[in-house]
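Quick note on numbering: the sequence shown equals residues 25 to 175 in our numbering.
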Amino acid sequence: MRIFKKNTLTSAVGLTTTAVASLVLTAPGTAQAAPVPAAWSVDCDKWTAPNDPGANDMVASIWRSNDSTKAARASFKGSSEKLSISNWSGAMMGYQLQWTTANGSTIEKNWELDLGSGKSDEIDFNIPDGRTVYLSVGTPGGSTAYCTGKA
C-alpha cells in the first residue's frame, strides 16, 4: 500500500475513504499489538505483626493466570524479621527485600536472590525497628508482586 499526503487530504492507493479515515500511522518499529490477558496474577497481603504492633507481616504472591497451581511467594514476618520464599511456578523467580534508612529517604540494604522452581529457603535478617521494608517476587519478564510494610 502506498500512502500520499496532499495538504490536508490523505489518500491511500487501493483503499476506500472509510478505510483511509480509520488508518493509524505509526513510526517504524513502534507498532503495538492488541492487549493480551496477563500471563501472571499478583497479590500482596499485609497485616499487623501479632507480637510487634509497629511491624507488619506480609505475603507477596504471584501465580499463572491460567493455572493457579503454578506460583511463587515471599512471606516476611515483621516481628522476627524472617523471610520465607518458595517457588513452584515452573519458572525461575527473582526475590528482593529492601529496607530504608532511619529517615526513609533512601534504601539502606538490598537483598536479592533468584530461585528455581521446586525450591524454597528461609533467611533471617537484622532490620532496625521501624524501617520501611519493600518485599517483592517476580518473573524474569517483569511481572512482579510487591508489598510495603514496617520492620
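Just so you know, even glycine gets a beta-carbon here, dropped at the ideal spot from N, CA and C.
- Within the same chain, and ignoring the five residues on either side of residue 147 in sequence, the residues whose Cβ sits closer than 6 Å to its Cβ are 107.
- One alpha carbon belongs to residue 166, the other to residue 157, and they sit about 20 Å apart.
- If the five residues before and after residue 97 are omitted, its C-beta is found closer than 7 Å to the C-beta atoms of 83, 84, 85, 110 and 161, all from its own chain and listed in chain order.
- The Cβ atoms of residue 123 and residue 155 lie closer than 8 Å to each other.
- Under the DSSP assignment, residue 112 falls outside any beta strand (DSSP E); it carries neither an H nor an E label.
- A Cβ-Cβ contact shorter than 8 Å links residue 103 with residue 79.
- The alpha-carbon of residue 169 is positioned some 15 Å away from that of residue 92.
- Annotated as proximal: residue 95 and residue 112, with beta-carbon spacing under 8 Å.
- Exposure of residue 128 is indicated by the presence of fewer than 16 other C-beta atoms within 10 angstroms of its C-beta.
- For residue 155, the three-state secondary structure derived from DSSP is coil.
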